[in-house]
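Since the structure comes first, as structure tokens, the remarks are kept for the end.
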Amino acid sequence: MAETHEGVCENHIGGRALAAKILRTGYYWPTIKRDCISKVKACDNCQKHATLSETPAEELHTIEVSWPFDRWGLDILGLFPKAPGQIRSVEHPQTNGQVESANRIILQGLKKKLSEAKGEWADLIPEILWSYNTSIQSAIGETPFKLVYGAKALIPIEISVPTLRTDLYDQSNNL
Numbered sequence: 000m001a002e003t004h005e006g007v008c009e010n011h012i013g014g015r016a017l018a019a020k021i022l023r024t025g026y027y028w029p030t031i032k033r034d035c036i037s038k039v040k041a042c043d044n045c046q047k048h049a050t051l052s053e054t055p056a057e058e059l060h061t062i063e064v065s066w067p068f069d070r071w072g073l074d075i076l077g078l079f080p081k082a083p084g085q086i087r088s089v090e091h092p093q094t095n096g097q098v099e100s101a102n103r104i105i106l107q108g109l110k111k112k113l114s115e116a117k118g119e120w121a122d123l124i125p126e127i128l129w130s131y132n133t134s135i136q137s138a139i140g141e142t143p144f145k146l147v148y149g150a151k152a153l154i155p156i157e158i159s160v161p162t163l164r165t166d167l168y169d170q171s172n173n174l
């Protein structure tokens with residue numbers, strides 16, 4: 000469980016996603032979901048970079064005001080003039096928010112990994128993308144890797160810990 004959560008090409012995924020990834024490798028025990036959720040709750044990085052709804056509550060802090068009226072600059076200017084030619088942006092309501100959601104998940108993964116490796120964010124992008132592409136997405140019920148390539152990806156944990164899938168693999172039949 001620790002290798003799947005924190006190991007190579009993993010980005011501290013949530014409890015349910017962790018359980019799904021372990022189940023996909025062929026391992027099962029009766030309390031797998033509960034154990035995975037407990038593992039994520041005990042992970043310091045996951046709690047530090049959790050989404051706001053999952054972040055533990057903390058005490059309220061006072062807000063200091065630097066100067067009176069310092070945030071009203073744009074209100075005094077008025078409306079901005081219209082651009083010539085009435086340029087408009089392309090709107091596609093069916094996909095609004097999907098890219099932002101994926102980017103948010105990838106950025107959360109980077110933040111969780113960066114506490115271990117400061118300043119190496121560019122080197123971590125392939126690991127984060129691999130973890131994202133091999134995790135089942137709740138909206139589609141499948142991994143992005145399988146949708147693109149038509150086959151399940153072999154994740155690193157399946158190499159280090161033998162699974163039925165890797166034991167039964169025969170390269171001569173795969174040509």
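First residue of the sequence shown: 0, per numbering that gives the first Met the number 0; consecutive thereafter.
Ideal Cβ positions, reconstructed from N, Cα and C, are used throughout, including at glycine.
Quick one: give me the first and last residue of the alpha helix (DSSP H) that proline 155 is part of.
Mapped onto the sequence shown, residue 155 falls at position 156. Here the alpha helix (DSSP H) through proline 155 covers 155-159.
Are the CB atoms of cysteine 45 and lysine 117 within a distance shorter than 9 angstroms?
If you number the sequence shown from 1, residue 117 lands on position 118. If you number the sequence shown from 1, residue 45 lands on position 46. Not in contact: lysine 117 and cysteine 45 (Cβ atoms no closer than 9 angstroms).
For glutamate 141, name the three-state secondary structure that DSSP assigns.
Taking the first residue of the sequence shown as position 1, residue 141 is located at position 142. Correct three-state label for glutamate 141: strand.
Please report the straight-line C-alpha distance between glycine 149 and arginine 103, rounded to a whole angstrom.
Sequence index remark: in the sequence shown, residue 149 carries index 150 (1-based). Sequence index remark: in the sequence shown, residue 103 carries index 104 (1-based). Distance between the alpha carbons of glycine 149 and arginine 103 is about 26 angstroms.
Could you name the residues that DSSP lists as bridge partners for glutamine 136?
The residue labelled residue 136 in the question sits at position 137 within the sequence shown. DSSP lists Glu141 as partners of glutamine 136.
If you measure between the beta carbons of isoleucine 135 and lysine 20, is that distance less than 9 angstroms?
In the sequence shown, residue 135 corresponds to position 136, counting from 1. In the sequence shown, residue 20 corresponds to position 21, counting from 1. Yes. Within cutoff.
To which residues of the same chain is glycine 13 closer than 7 angstroms at the C-beta, ignoring the five residues directly before and after it?
Within the sequence shown, the letter at position 14 stands for residue 13. Closer than 7 angstroms at Cβ, skipping near neighbours: Val39.
Expressed to the nearest angstrom, what Euclidean distance is found between the alpha-carbon atoms of alanine 16 and glutamine 170?
The sequence position of residue 16 within the sequence shown is 17, counting from 1. The sequence position of residue 170 within the sequence shown is 171, counting from 1. In a straight line, the C-alpha of alanine 16 is about 30 angstroms away from that of glutamine 170.
Helix, strand or coil, according to DSSP, for alanine 18 in the structure here?
Residue numbering aside, residue 18 sits at position 19 when the sequence shown is read from its first letter. Note: alanine 18 maps to helix in three-state DSSP.
Can you look up cysteine 42 in the DSSP assignment and give me helix, strand or coil?
The residue you call residue 42 lines up with position 43 of the sequence shown. Here cysteine 42 sits in coil by DSSP.
DSSP state of threonine 3, grouped into three classes?
The residue given as residue 3 occupies position 4 in the sequence shown. Of the three classes helix, strand and coil, the one that applies to threonine 3 here is helix, per DSSP.
Considering only residues of the same chain and omitting the five flanking positions on each side of glycine 25, which have a CB-CB separation below 7 angstroms?
Taking the first residue of the sequence shown as position 1, residue 25 is located at position 26. Cβ neighbours of glycine 25 beyond the five flanking positions: Thr162, Leu163, Arg164.
Could you work out which residue in Ser130, Ala41, Lys151 is closest to arginine 23 when comparing CA atoms only?
For the purposes of this step, residue 23 is taken as residue 24 along the sequence shown, with counting starting at 1. Ranking Ser130, Ala41, Lys151 by Cα distance to arginine 23 puts Lys151 first.
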